[in-house]
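Numbering (mature numbering (1 follows the signal peptide of the UniProt record, and there is no 0)), first residue to last: -24 to -1, 1 to 134.
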């Protein structure tokens, strides 16, 4: 019988506690032939979020980190709207360091069942960016009880 030292018990306890606070990675079905469902998880605001990713693109160019900043800049909160119509917003962005050019879009539609503030879906945008690069997709969708958001990144000059 192996007896654990106080130090190893503390390390084990710390590891288990750390696992409880780590977000699970979003896993998607095969997107080789079309849109794919991904695992659901709790959004930062505590409600259930569902994700989908578009088909795997041929000759995929990784979506730069800049995309997250642009999406967050063009994202419009639900307070901007008095209806449940689709609201697209896009930006053509040239990275001054690499001279690559991309079209980034963020399309939102709100149910008006609960407010969505400017910062509410920022962590979900980060997850969607990771998911899009992992699954080589230029579009991803988030849906929940507050509404939906589609993020797109289209390379013009990579």
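Cβ atoms here follow ideal geometry from the backbone N, Cα and C, with glycine treated the same way.
Quick caveat, the model's predicted, so the values are computed rather than measured.
Span separating the alpha-carbon of residue i from that of residue j
i	j	result
residue 118	residue 70	26 Å
residue 25	residue 76	32 Å
residue 130	residue 89	31 Å
residue 73	residue 33	25 Å
residue 37	residue 23	32 Å
Cβ pair residue i, residue j closer than 8 Å
i	j	result
residue 9	residue 30	no
residue 101	residue 39	no
residue 54	residue 92	yes
residue 67	residue 84	no
residue 65	residue 98	no
residue 116	residue 27	yes
residue 136	residue 20	For the chain, the structure presents residues -24 to 134; residue 136 sits outside this window and is missing.
Identified DSSP bridge partners for residue i
i	result
residue 131	78
residue 118	27, 125
Sequence-distant residues of its chain with Cβ nearer than 8 Å to residue i (five each side left out)
i	result
residue 87	60, 121, 122, 123
residue -3	At residue -3 the pLDDT is 42, less than 50, meaning the model places this residue with poor confidence; the figure from the coordinates comes in the next sentence. Contacts found: none.
Own chain, CB closer than 7 Å to residue i, minus 5 neighbours either side, in chain order
i	result
residue 3	14, 15
residue 62	83, 85
- request: Jot down the residue ranges of each uninterrupted alpha helix (DSSP H) in the region 24 to 71, minimum 4 residues, whole runs only, in chain order.
  value: 42 to 50
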